[in-house]
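Student:
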Amino acid sequence: MLRPHRPSGVVLLCPGASLIGLVPSPRPSPIARVLGGIGDVEGAIRSDVTRKKVFSGIQPSGDIHIGNYMGALRNWVAMQDDYDTVYCVVDLHALTLPQVPAELRDARLRTAKILLASGIDPQRSLIYYQSEVPQHAELCWILGTLASIGHLSRMTQYKEKLDKGGQNLGLFSYPVLMAADILVHRVHAVPVGNDQTQHLEFTRDLVDRFNSRYGEYFPRPRQITPGVGARVMSLKEPTSKMSKSDPDASSRILVTDDADGIRRKIRRAVTDSGRRIVYDVARKPGISNLLDILAVFTGDSVEELADRHSASGYGKLKEVAADAVIAGLAPVRRAYLDLDDVDVERIMNAGAVEARRRTEQTMADVRELIGLPG
Ligand code: TYM
371 MLRPHRPSGV
381 VLLCPGASLI
391 GLVPSPRPSP
401 IARVLGGIGD
411 VEGAIRSDVT
421 RKKVFSGIQP
431 SGDIHIGNYM
441 GALRNWVAMQ
451 DDYDTVYCVV
461 DLHALTLPQV
471 PAELRDARLR
481 TAKILLASGI
491 DPQRSLIYYQ
501 SEVPQHAELC
511 WILGTLASIG
521 HLSRMTQYKE
531 KLDKGGQNLG
541 LFSYPVLMAA
551 DILVHRVHAV
561 PVGNDQTQHL
571 EFTRDLVDRF
581 NSRYGEYFPR
591 PRQITPGVGA
601 RVMSLKEPTS
611 KMSKSDPDAS
621 SRILVTDDAD
631 GIRRKIRRAV
641 TDSGRRIVYD
651 VARKPGISNL
661 LDILAVFTGD
671 SVEELADRHS
681 ASGYGKLKEV
691 AADAVIAGLA
701 PVRRAYLDLD
711 DVDVERIMNA
721 GAVEARRRTE
731 QTMADVRELI
741 GLPG
C-alpha cells in the first residue's frame, strides 16, 4: 500500500539564506548531556509524520573542516527543532576515491563523533552509517536505470575527481547514490553547501523521471543553503573551495583543531593586495573569506564587520577572526574529546536499525510500483 505524500514543487521553507543567524555560534553539544542517559537512544528515535523531512550526508574522507561546519553542520543542528531530521555518514560514497581500510574505519567513527559533538542529538535526529542500510544501494541501482549518462558526465565534481582518483564507475554514478540517499527517505529538503547544487538538480531530474514513469511517488527535494558560509574558501588559495582532500593541511581549519592550531592557520592565511578591509569576493577573496568566517562565528553581517574593521589592518582582522573561531569551536572540541567510542557506535547501530525499518517501507513501495514483489 502506498503512503500519501506531498505534491512536488511545494515551497517548503523560506529561502535557505534565512537559516543563517539561527545558530550564530555553536551550541554546547546535547550529546554531552545525553551521555548519562544513552541507554534510551533506541527508544527515542522516532519519525514524526507531521513534520517536514530533512536528509543530509557527509563523507568520512579526511577530517571535517569549518567549510563543512559553516555550509552544512550548523544548519543540520538548527533544523532539528522544526524538522524530522535524518543525517548520514556516507561511507559508500567515500569509496569512490582510494581509501586505506583502517583509515576509513577511523574516519567513519571520527565523523560520527563530530556530528554528535556539533549538536546532532540522537534523541531528535536519526543518525547512521550509510553502508549499514542496504536499501540505499538497492534504490541506487533502480534509479541508475533512469539516470541520464549525458547529465552524469556534465557533473563538475565528477570531472574534478577524475584527476584525483582515476576513473571508476562509482565516481561516475556518485550522484545516483546521493539521489538514492535522499529519496529513500522521501524528504522535502536537503541542507548542504553550494557545491552540491548540481547533485540536487540531478536528484530532482530523477524524481521527475521516476514519477512520470511510475506515478507520483517521490517529493522533489529542495536545497537549503546558508546565506553566508555556503562556500568557504581555502585559506591558502582563496579562489578555491576549502576541501578535505587538499594536500596542504594548512588550507583548512578542522572542527577539532586546538586554539593554537586555529590561530596559526588564520595568521598564515593568504590575504590580498592593499590594506583596507572591504567585502569584495572578486577583488579581495582572502579578506572576504575571513569576513565570512567571522560573520558565521559572531552572528554579525559581513557588511557590519567590514565597516567595523575597515581601518583595522589585515593582522588585526586575523586576530579577531581567530578569537571568534576558537571560542565558537571550543564547545564542539570539548564534546568531541568527551565522547566515548563505544557509546557512539551504539548510537550509530541503533540509528541503522531504525533507518533500515524506515527505508524498507519506501523500498517495498518502489518494488511494487516498478513491478517487482514488494
Ligand atoms: P561532503 O562530505 O563533501 O561535505 C559535507 C557537507 O559540507 C559542505 N561543504 C562545504 N560547505 C561550505 N564550504 C565548503 N568549503 C564546503 N565543503 C563541503 C557540502 O556542501 C556538504 O553539504 N555529496 C556529499 C555527501 C552526500 C550527501 C548525500 C549530501 C552524499 N549523499 C545526500 C546531501 C544529501 C558530499 O560529498 O559532502
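Residues 371 to 744 in the working numbering are what the sequence shown lists, from first letter to last.
Backbone N, C-alpha and C define an ideal beta-carbon position, used for all residues, glycine too.
Please read these numbers as outputs of a predicted model, since none were measured by experiment.
Could you tell me if the beta carbon of residue 548 falls within a distance shorter than 6 Å of some heavy atom in the ligand TYM?
Tutor: yes
Student: Can residue 580 and residue 516 be called in contact, C-beta distance under 7 Å?
Tutor: yes
Student: In the DSSP assignment, find the unbroken alpha helix (DSSP H) run with residue 422 in it and report its ends.
Tutor: Per DSSP, residue 422 belongs to no alpha helix (DSSP H) and is neither H nor E.
Student: Alpha carbons only, please: which of 497, 607, 710, 459 is nearest the one belonging to residue 660?
Tutor: 607
Student: Residue 553 to residue 473, Cα distance in whole Å?
Tutor: 29 Å
Student: Could you check if residue 525 belongs to the surroundings of the ligand TYM, using beta carbon to heavy atom distance under 6 Å?
Tutor: no
Student: Alpha carbon to alpha carbon, what distance is there between residue 618 and residue 712?
Tutor: 32 Å
Student: Using only alpha-carbon positions, find the residue among 489, 502, 444 that is nearest to residue 720.
Tutor: 502
Student: Can you find at least 3 beta carbon pairs, one from the segment 685–700 and one from the segment 634–649, that sit closer than 8 Å?
Tutor: yes
Student: Just to confirm the assignment, what range does the alpha helix (DSSP H) spanning residue 582 have?
Tutor: Per DSSP, residue 582 belongs to the alpha helix (DSSP H) from 567–584.
Student: Out of curiosity, what's the CA-to-CA distance linking residue 433 and residue 480?
Tutor: Roughly 8 Å separates the two Cα atoms.
Student: Kindly indicate the opening and closing residues of the beta strand (DSSP E) around residue 344.
Tutor: Because the chain here runs from 371 to 744, residue 344 falls outside it and cannot be looked at.
Student: Rounded to the nearest angstrom, how far is the Cβ of residue 532 from that of residue 541, given a contact under 8 Å?
Tutor: The C-beta distance from residue 532 to residue 541 rounds to 7 Å, short enough to fall under 8 Å.
Student: So what's residue 453 in DSSP terms, helix, strand or just coil?
Tutor: coil
Student: Would you check if the distance between the CB atom of residue 498 and the CB atom of residue 734 is smaller than 7 Å?
Tutor: no
Student: Quick one: using the 10 Å Cβ neighbour count with 16 as the cut-off for buried, is residue 657 buried or exposed?
Tutor: buried
Student: Just grab the DSSP bridge partners of residue 624 for me.
Tutor: 435
Student: On the DSSP bridge assignment, give the partners of residue 559 in chain order.
Tutor: 424, 592
Student: Give the single residue among 697, 654, 695 whose Cα lies nearest to the Cα of residue 676.
Tutor: Considering only alpha carbons, the answer is 654.
Student: Of all Cβ atoms in chain D, is any one closer than 7 Å to the Cβ of residue 538?
Tutor: No chain D appears in the structure shown, which is made up of a single protein chain.
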